[in-house]
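Below: the structure, in C-alpha coordinates.
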Amino acid sequence: NPALKKMVGAISAILGDHSVMSVPMISEGIPIGLLEVSRSEPFTEADLQRMAVISGEVTAILQRKRAEESLRYSEEKYRSLTDTLPIGISVTTPEGGIIEANPALVKMSGYDSKEEFMRAPAVVHYHNPQDRQRYIAQLLEHGAISGFELQLQRKDGSVFWASASSVTQKHPDGSITLVHSIEDISE
(Lines of atoms letter the chains of each structure in order from A and count residues from 1; the text may use other names and numbers.)
(Lines give C-alpha, C1' and ligand atoms only; values in the text may rest on other atoms or scores of the structure.)
Protein backbone atom coordinates (compact mmCIF):
# COMPACT_ATOMS: atom_id res chain seq x y z
CA ASN A 1 0.00 0.00 0.00
CA PRO A 2 1.70 3.24 -1.13
CA ALA A 3 0.06 5.37 1.57
CA LEU A 4 1.21 2.94 4.26
CA LYS A 5 4.78 2.96 2.93
CA LYS A 6 4.75 6.76 2.89
CA MET A 7 3.44 6.86 6.48
CA VAL A 8 6.07 4.37 7.70
CA GLY A 9 8.77 6.40 5.90
CA ALA A 10 7.57 9.60 7.56
CA ILE A 11 7.57 7.95 11.00
CA SER A 12 11.09 6.58 10.39
CA ALA A 13 12.30 10.05 9.42
CA ILE A 14 10.95 11.44 12.68
CA LEU A 15 12.28 8.65 14.89
CA GLY A 16 15.66 8.24 13.23
CA ASP A 17 17.26 4.79 13.20
CA HIS A 18 14.52 3.11 15.19
CA SER A 19 12.87 -0.14 14.19
CA VAL A 20 9.18 0.21 13.39
CA MET A 21 6.72 -2.67 13.29
CA SER A 22 3.20 -2.19 11.94
CA VAL A 23 0.53 -4.89 12.23
CA PRO A 24 -2.87 -4.43 10.59
CA MET A 25 -6.04 -4.81 12.64
CA ILE A 26 -8.46 -6.78 10.48
CA SER A 27 -12.14 -7.38 11.19
CA GLU A 28 -14.09 -9.72 8.92
CA GLY A 29 -11.47 -9.33 6.21
CA ILE A 30 -11.54 -5.53 6.33
CA PRO A 31 -8.64 -3.49 7.76
CA ILE A 32 -9.93 -1.30 10.58
CA GLY A 33 -6.68 0.04 11.97
CA LEU A 34 -2.96 -0.30 12.31
CA LEU A 35 -1.10 -1.20 15.47
CA GLU A 36 2.38 0.26 15.34
CA VAL A 37 5.38 0.02 17.68
CA SER A 38 8.87 1.46 17.42
CA ARG A 39 12.06 0.89 19.38
CA SER A 40 15.80 1.31 18.96
CA GLU A 41 16.59 -2.44 18.72
CA PRO A 42 15.55 -4.54 15.73
CA PHE A 43 12.37 -6.60 16.04
CA THR A 44 12.45 -10.40 15.99
CA GLU A 45 10.01 -12.92 14.53
CA ALA A 46 8.80 -13.59 18.07
CA ASP A 47 8.07 -9.85 18.46
CA LEU A 48 6.01 -9.95 15.26
CA GLN A 49 4.04 -12.96 16.50
CA ARG A 50 3.32 -11.24 19.84
CA MET A 51 2.18 -8.11 17.99
CA ALA A 52 -0.12 -10.19 15.79
CA VAL A 53 -1.74 -11.69 18.93
CA ILE A 54 -2.08 -8.25 20.54
CA SER A 55 -3.54 -6.87 17.32
CA GLY A 56 -6.13 -9.67 17.30
CA GLU A 57 -7.05 -8.98 20.93
CA VAL A 58 -7.39 -5.23 20.38
CA THR A 59 -9.53 -5.90 17.29
CA ALA A 60 -11.78 -8.25 19.29
CA ILE A 61 -12.20 -5.62 22.01
CA LEU A 62 -13.11 -2.98 19.43
CA GLN A 63 -15.63 -5.34 17.79
CA ARG A 64 -17.22 -6.14 21.17
CA LYS A 65 -17.49 -2.43 22.02
CA ARG A 66 -19.11 -1.71 18.66
CA ALA A 67 -21.55 -4.60 19.14
CA GLU A 68 -22.43 -3.34 22.63
CA GLU A 69 -23.05 0.16 21.28
CA SER A 70 -25.21 -1.24 18.49
CA LEU A 71 -27.21 -3.34 20.96
CA ARG A 72 -27.69 -0.37 23.29
CA TYR A 73 -28.90 1.76 20.37
CA SER A 74 -31.27 -1.00 19.25
CA GLU A 75 -32.66 -1.40 22.78
CA GLU A 76 -33.21 2.36 23.05
CA LYS A 77 -35.09 2.39 19.72
CA TYR A 78 -37.22 -0.59 20.82
CA ARG A 79 -37.98 1.03 24.19
CA SER A 80 -38.87 4.34 22.53
CA LEU A 81 -41.19 2.57 20.10
CA THR A 82 -42.99 0.40 22.65
CA ASP A 83 -43.30 3.19 25.20
CA THR A 84 -45.06 5.51 22.74
CA LEU A 85 -47.40 3.05 21.02
CA PRO A 86 -51.09 3.54 21.82
CA ILE A 87 -51.63 -0.25 22.09
CA GLY A 88 -50.57 -2.48 24.95
CA ILE A 89 -47.39 -4.49 24.54
CA SER A 90 -46.15 -7.17 26.93
CA VAL A 91 -43.62 -9.97 27.09
CA THR A 92 -44.50 -12.97 29.24
CA THR A 93 -43.38 -16.49 29.93
CA PRO A 94 -45.64 -19.37 28.89
CA GLU A 95 -46.19 -20.00 32.61
CA GLY A 96 -47.58 -16.51 33.12
CA GLY A 97 -44.72 -14.45 34.46
CA ILE A 98 -44.68 -10.89 33.13
CA ILE A 99 -41.25 -9.84 31.90
CA GLU A 100 -42.12 -6.50 30.31
CA ALA A 101 -45.14 -4.24 29.79
CA ASN A 102 -45.46 -0.85 28.11
CA PRO A 103 -47.21 2.21 29.59
CA ALA A 104 -50.28 1.82 27.34
CA LEU A 105 -50.98 -1.69 28.73
CA VAL A 106 -50.41 -0.59 32.32
CA LYS A 107 -52.87 2.32 31.85
CA MET A 108 -55.38 0.16 29.94
CA SER A 109 -55.34 -2.31 32.84
CA GLY A 110 -55.93 0.41 35.45
CA TYR A 111 -52.62 0.13 37.30
CA ASP A 112 -50.69 3.04 38.75
CA SER A 113 -47.25 1.70 37.86
CA LYS A 114 -45.55 -0.81 35.60
CA GLU A 115 -43.99 -2.49 38.63
CA GLU A 116 -47.40 -3.04 40.23
CA PHE A 117 -48.80 -4.46 36.97
CA MET A 118 -45.85 -6.80 36.53
CA ARG A 119 -46.00 -8.18 40.09
CA ALA A 120 -49.28 -9.94 39.32
CA PRO A 121 -49.22 -13.15 37.27
CA ALA A 122 -50.61 -12.74 33.75
CA VAL A 123 -53.68 -14.86 34.52
CA VAL A 124 -54.93 -12.13 36.94
CA HIS A 125 -55.46 -9.83 33.96
CA TYR A 126 -57.86 -12.26 32.25
CA HIS A 127 -61.55 -12.13 33.17
CA ASN A 128 -61.79 -15.86 32.47
CA PRO A 129 -58.58 -17.78 33.34
CA GLN A 130 -59.53 -20.49 30.81
CA ASP A 131 -59.26 -17.86 28.04
CA ARG A 132 -55.56 -17.53 28.84
CA GLN A 133 -55.07 -21.30 28.84
CA ARG A 134 -56.78 -21.60 25.44
CA TYR A 135 -54.91 -18.59 24.05
CA ILE A 136 -51.48 -19.77 25.18
CA ALA A 137 -52.11 -23.34 23.98
CA GLN A 138 -52.99 -22.05 20.49
CA LEU A 139 -50.05 -19.65 20.51
CA LEU A 140 -47.55 -22.36 21.45
CA GLU A 141 -49.02 -24.73 18.86
CA HIS A 142 -48.97 -22.25 15.96
CA GLY A 143 -46.17 -19.85 16.97
CA ALA A 144 -48.37 -16.80 16.31
CA ILE A 145 -51.97 -15.64 16.76
CA SER A 146 -53.64 -12.56 15.35
CA GLY A 147 -56.88 -10.86 16.40
CA PHE A 148 -57.83 -13.23 19.25
CA GLU A 149 -60.77 -11.59 21.07
CA LEU A 150 -61.12 -12.07 24.80
CA GLN A 151 -62.22 -10.33 27.94
CA LEU A 152 -59.54 -8.84 30.15
CA GLN A 153 -59.89 -7.48 33.65
CA ARG A 154 -58.66 -4.20 35.07
CA LYS A 155 -57.18 -3.79 38.53
CA ASP A 156 -60.54 -2.52 39.85
CA GLY A 157 -62.30 -5.66 38.53
CA SER A 158 -64.02 -4.00 35.56
CA VAL A 159 -63.99 -6.05 32.36
CA PHE A 160 -63.18 -4.96 28.81
CA TRP A 161 -62.99 -6.66 25.44
CA ALA A 162 -59.58 -6.83 23.84
CA SER A 163 -58.05 -8.04 20.60
CA ALA A 164 -54.73 -9.76 21.19
CA SER A 165 -52.02 -10.75 18.74
CA SER A 166 -48.93 -12.63 19.83
CA VAL A 167 -45.80 -14.40 18.65
CA THR A 168 -43.45 -16.82 20.36
CA GLN A 169 -39.76 -16.04 20.64
CA LYS A 170 -37.40 -18.99 20.97
CA HIS A 171 -34.08 -18.16 22.60
CA PRO A 172 -30.70 -19.86 22.11
CA ASP A 173 -30.90 -21.37 25.61
CA GLY A 174 -34.16 -23.13 24.65
CA SER A 175 -36.46 -20.85 26.64
CA ILE A 176 -39.56 -19.30 25.09
CA THR A 177 -41.08 -15.89 25.67
CA LEU A 178 -44.37 -14.62 24.33
CA VAL A 179 -44.72 -11.13 22.84
CA HIS A 180 -48.26 -9.74 22.94
CA SER A 181 -49.99 -6.71 21.51
CA ILE A 182 -53.32 -5.90 23.10
CA GLU A 183 -55.90 -3.43 21.90
CA ASP A 184 -58.97 -2.35 23.87
CA ILE A 185 -61.91 -2.90 21.48
CA SER A 186 -64.71 -2.30 24.00
CA GLU A 187 -65.14 1.37 23.07
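Under the numbering used here, the residues of the sequence shown are numbered 1 to 187, in order. For every residue, glycine included, the Cβ atom is placed at its ideal position computed from N, Cα and C. It should be emphasised that the depicted structure is a prediction, and the values quoted were computed from it without experimental measurement.
Give the secondary structure of residue i by DSSP, where H, G and I count as helix, E and B as strand, and everything else as coil.
i: G147; result: strand
i: P31; result: strand
i: F117; result: helix
i: S38; result: strand
i: P172; result: coil
i: S186; result: coil
i: S55; result: helix
i: Y126; result: strand
i: L105; result: helix
i: S74; result: helix
i: S19; result: strand
Which residue's Cα is closest to the Cα of residue i: the options?
i: E116; options: N102, H127, P129, V179; result: N102
i: H171; options: V179, S27, S165; result: V179
i: S158; options: G56, G96, R132, S186; result: S186
i: Q151; options: S163, H142, K107; result: S163
i: E141; options: P94, P121, W161; result: P94
i: Q63; options: G29, E183, F160; result: G29
i: G97; options: A122, R132, Y78, L48; result: A122
i: M7; options: L35, I176, R72; result: L35
i: A46; options: S181, M118, M21; result: M21
Report the partner residues of residue i according to the DSSP bridge assignment.
i: H180; result: S90, S166
i: I98; result: T92
i: M25; result: G33
Below 9 Å between beta carbons: does that hold for residue i and residue j?
i: V23; j: I61; result: no
i: G88; j: D156; result: no
i: A104; j: L85; result: yes
Below 8 Å on the Cβ atoms is my guess for residue i versus residue j; work out the distance and round it to an integer in Å.
i: Y126; j: Q153; result: 7 Å
i: S166; j: G147; result: Contact doesn't hold; Cβ gap of about 11 Å is too wide.
i: T168; j: I99; result: About 13 Å; that fails the 8 Å criterion.
i: S70; j: E41; result: About 41 Å separates the two Cβ atoms, so there is no contact after all.
i: D184; j: F160; result: 6 Å
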